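Report on the following structure.
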Amino acid sequence: MFILEFLKSMIDNFGAAIIVPFIIGIIALFFRVKPQKAFLSALYAGVSLEGINLMVGAFTPIITPLVKNMADAMVNITGVNLNVFDVGWQATSLVAFSTSAGMIYLGLGIVLQTVLFLVKWTKCFQPSDLWNNYSYMVWGAMVIFATNNFVLGIACMVLLNLYSLLISDMLAKRWSTYYQYPNCTIIAMHNIEPGIFAIIFDPILNAIGLNKLKLNPQTIQNKIGFLGEPMTIGFILGGIIGVLGNLSNLGSMSGWGSVFTAAVATAAIMAIFPKITGFFAQAFAPITEGARKFMGNTGDREWYIAVNDAVGYGEPATLTCGLLLMPIMVLIAFFLPGNQTLPVVDLVAIPYMVEGLVAVFNGNMAKVIVTGMVWFSVGLLMCTYTAPLFTEVAKEAGYAIPAGAAMITSFNILGKPFMGLVFLAFLSGNPIFIGLAIVVYIVCYGAYRMKHKEVDEYLEKQALKNAELEV
Numbered sequence: 001m002f003i004l005e006f007l008k009s010m011i012d013n014f015g016a017a018i019i020v021p022f023i024i025g026i027i028a029l030f031f032r033v034k035p036q037k038a039f040l041s042a043l044y045a046g047v048s049l050e051g052i053n054l055m056v057g058a059f060t061p062i063i064t065p066l067v068k069n070m071a072d073a074m075v076n077i078t079g080v081n082l083n084v085f086d087v088g089w090q091a092t093s094l095v096a097f098s099t100s101a102g103m104i105y106l107g108l109g110i111v112l113q114t115v116l117f118l119v120k121w122t123k124c125f126q127p128s129d130l131w132n133n134y135s136y137m138v139w140g141a142m143v144i145f146a147t148n149n150f151v152l153g154i155a156c157m158v159l160l161n162l163y164s165l166l167i168s169d170m171l172a173k174r175w176s177t178y179y180q181y182p183n184c185t186i187i188a189m190h191n192i193e194p195g196i197f198a199i200i201f202d203p204i205l206n207a208i209g210l211n212k213l214k215l216n217p218q219t220i221q222n223k224i225g226f227l228g229e230p231m232t233i234g235f236i237l238g239g240i241i242g243v244l245g246n247l248s249n250l251g252s253m254s255g256w257g258s259v260f261t262a263a264v265a266t267a268a269i270m271a272i273f274p275k276i277t278g279f280f281a282q283a284f285a286p287i288t289e290g291a292r293k294f295m296g297n298t299g300d301r302e303w304y305i306a307v308n309d310a311v312g313y314g315e316p317a318t319l320t321c322g323l324l325l326m327p328i329m330v331l332i333a334f335f336l337p338g339n340q341t342l343p344v345v346d347l348v349a350i351p352y353m354v355e356g357l358v359a360v361f362n363g364n365m366a367k368v369i370v371t372g373m374v375w376f377s378v379g380l381l382m383c384t385y386t387a388p389l390f391t392e393v394a395k396e397a398g399y400a401i402p403a404g405a406a407m408i409t410s411f412n413i414l415g416k417p418f419m420g421l422v423f424l425a426f427l428s429g430n431p432i433f434i435g436l437a438i439v440v441y442i443v444c445y446g447a448y449r450m451k452h453k454e455v456d457e458y459l460e461k462q463a464l465k466n467a468e469l470e471v
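Once you know that position 336 of the sequence shown is 336 in the UniProt record's numbering, the rest is easy, because the numbers rise by one and skip nothing.
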């Protein structure tokens with residue numbers, strides 16, 4: 001128990017920008033990277049994460065008020081008042097790490113994920129992204145709170161972890177190829193999950209011809225020159241968000257000040273993020289090289305190191321699609337039947353959420369936008385359904401509910417339809433539903449292990465279809 005309390009204390013006091021580099025440094029030394037290079041790898045990762053935190057931290061206060069203004073305008077137009085407030089993944093992680101189940105899974109998760117990699121159950125080494133385990137903790141904590149069954153909650157976390165590892169295995173090569181991080185992939189359940197829907201949905205999108213739209217940042221820049229440069233696109237998109245968030249204030253100097261502030265801030269995000277994330281490449285280069293030599297002694301094994309999803313945030317197609325989906329998802333929230341969730345804080349996290357989609361679709365932004373609209377809309381309904389339970393768990397963990405919010409959620413963490421179905425099986429306590437969730441995993445895992453090469457080839461073939469023709 002002392003070790004678990006120590007781990008929780010580290011999480012509470014240091015945060016991802018300290019913990020992740022520390023783990024990276026240890027991994028580098030394990031792979032026999034020279035100490036000075038291991039230290040620089042860790043430092044590069046820490047600088048990258050802290051730089052991203054500073055950028056997102058500065059960008060969020062600019063965008064969030066505009067989103068709230070858009071929401072207020074939509075309330076006046078539609079008469080719909082959404083009573084579930086999105087408090088964001090940061091607040092949700094604090095709730096997760098504050099639960100007893102979360103503390104237990106900190107230790108259990110490290111052991112489980114390490115063993116699964118060593119016995120070759122998975123090709124992804126997940127402990128290098130320890131921070132993002134909170135995604136499993138939230139769902140498990142809700143099961144425990146509702147059923148008062150601790151074992152059931154832990155079992156839910158384990159199965160969710162297994163499912164997310166399976167999806168990560170399927171997407172690892174595609175993600176690594178697209179984002180150009182050799183032998184690296186993202187593992188966070190909340191951001192890898194949409195990728196499985198992309199694989200299923202892709203043939204339908206091809207049938208309606210979206211694969212023929214070579215709609216990616218490079219093509220746009222080639223077609224329209226400087227207007228297609230990432231910084232210019234950011235300025236335009238930020239301006240659009242600024243105008244939508246100031247519709248009732250466009251006759252004033254302050255309104256236009258807000259518009260141009262949003263435009264320039266978004267342009268800065270588009271210009272600076274790729275430079276910050278470039279440090280990640282320098283952080284993982286010595287590790288992947290050391291790991292290749294180390295793995296060379298263990299046979300011909302395919303492997304990937306889990307990296308924080310921040311490494312892909314600033315990629316032009318990823319960031320552009322994320323920015324486009326911000327106002328789109330606010331509008332959808334007001335017209336989606338059955339929805340009560342207002343996405344606010346986690347809108348800035350949408351670039352994280354689309355990474356799996358962008359990788360599968362090889363940067364085809366038309367496909368990413370369409371798929372994001374569909375899948376994230378279903379995610380809003382999952383947020384709405386789980387909001388009462390999550391609100392109670394958050395209260396018990398000591399989280400202060402924002403004034404004016406009846407219930408809270410996290411659009412990024414809890415808006416996950418596939419993982420939500422697994423959660424609902426455990427929440428029911430019904431052995432048949434739980435057994436079905438386990439059997440589905442075993443069947444899918446077995447099928448993938450037998451056909452993993454064919455799956456990789458299929459994904460690469462589908463990715464090439466998105467680069468065949470121009471607009």
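C-beta atoms are modelled at their ideal positions from N, C-alpha and C, and glycine is treated no differently.
In this text the structure is predicted, and so the values were computed from the model without any measurement.
{"Query": "Given Gln-282 as reference, the closest of Ile-167, Ile-27 and Ala-42 once Cα atoms are compared", "Result": "Ala-42"}
{"Query": "Environment of Leu-247 [buried if 16+ CB atoms lie within 10 Å]", "Result": "exposed"}
{"Query": "N- and C-terminal bounds of the beta strand (DSSP E) containing Ile-305", "Result": "304-307"}
{"Query": "Whole-angstrom distance between Met-326 and Pro-337, CA atom to CA atom", "Result": "19 Å"}
{"Query": "Sub-8 Å separation of Asp-129 and Ala-306 beta-carbons", "Result": "yes"}
{"Query": "Reduced DSSP category for Phe-31 - H, G, I as helix; E, B as strand; rest coil", "Result": "coil"}
{"Query": "Extent of the continuous beta strand (DSSP E) run through Thr-185", "Result": "184-186"}
{"Query": "Residue of Thr-147, Ile-408, Pro-286 and Leu-54 minimising C-alpha distance to Ala-91", "Result": "Ile-408"}
{"Query": "Asp-346, enclosing alpha helix (DSSP H) - first and last residue", "Result": "Unbroken run through Asp-346: none, as it is neither H nor E."}
{"Query": "As assigned by DSSP and simplified to three states, the class of Val-84", "Result": "strand"}
{"Query": "Burial state of Ala-207 (16 or more Cβ within 10 Å)", "Result": "exposed"}
{"Query": "Closest residue to Phe-85 among Ile-154, Ala-71, Asn-161 and Thr-147 (Cα-Cα distance)", "Result": "Ala-71"}
{"Query": "One or two residues paired with Phe-125 in a DSSP bridge", "Result": "Ile-305"}
{"Query": "Segment limits, alpha helix (DSSP H) that includes Ile-408", "Result": "Counting along the chain, Ile-408 falls outside any alpha helix (DSSP H), though it belongs to the beta strand (DSSP E) covering 407-409."}
{"Query": "Cutoff 8 Å; reference Pro-274; Cβ partners in own chain excluding five residues on either side", "Result": "Pro-230, Gly-314, Glu-315 and Pro-316"}
{"Query": "DSSP three-state assignment for Leu-464, whether helix, strand or coil", "Result": "helix"}
{"Query": "For Gly-379, three-class secondary structure by DSSP", "Result": "helix"}
{"Query": "DSSP-derived helix/strand/coil call for Glu-315", "Result": "coil"}
{"Query": "Nearest residue (CA-CA) to Ile-19, options Leu-29, Glu-50, Ile-154 and Gly-57", "Result": "Glu-50"}
{"Query": "Cβ contact check for the segment 375-383 and the segment 414-425: 3 or more pairs under 8 Å", "Result": "yes"}
{"Query": "Outcome for Tyr-458 when other beta-carbon atoms lying within 10 angstroms are tallied against a minimum of 16", "Result": "exposed"}
{"Query": "Same chain only: Cβ atoms within 7 Å of Ala-172, ignoring 5 sequence neighbours per side", "Result": "Lys-123, Cys-124, Thr-185 and Tyr-304"}
{"Query": "Backbone CA spacing between Ser-252 and Pro-351 [nearest angstrom]", "Result": "32 Å"}
{"Query": "Within 8 Å, strictly: CB atoms of Lys-367 and Leu-205", "Result": "yes"}
{"Query": "DSSP three-state assignment for Phe-361, whether helix, strand or coil", "Result": "coil"}
{"Query": "Cβ contact check for the segment 444-451 and the segment 427-435: 3 or more pairs under 8 Å", "Result": "no"}
{"Query": "Helix, strand or coil at Thr-99 [DSSP, three-state]", "Result": "coil"}
{"Query": "Any 3 or more C-beta pairs closer than 8 Å across the segment 175-192 and the segment 129-148", "Result": "yes"}
{"Query": "Whole-angstrom C-beta distance between Thr-320 and Ile-62, which should lie under 8 Å", "Result": "At roughly 18 Å, the Cβ-Cβ gap does not stay under 8 Å, so Ile-62 and Thr-320 are not in contact."}
{"Query": "Meets three-Cβ-pair contact criterion under 8 Å: the segment 434-441 and the segment 342-359", "Result": "no"}
{"Query": "Bounding residues of the alpha helix (DSSP H) (the contiguous stretch that carries Trp-139)", "Result": "134-147"}
{"Query": "Proximity of Val-33 and Ile-287 at Cβ, strictly below 8 Å", "Result": "yes"}
{"Query": "Neighbour-count burial assignment, Lys-293, 16 or more Cβ in a 10 Å radius", "Result": "exposed"}
{"Query": "Own chain residues within Cβ distance below 7 Å of Val-158, not counting five before or after", "Result": "Leu-112"}
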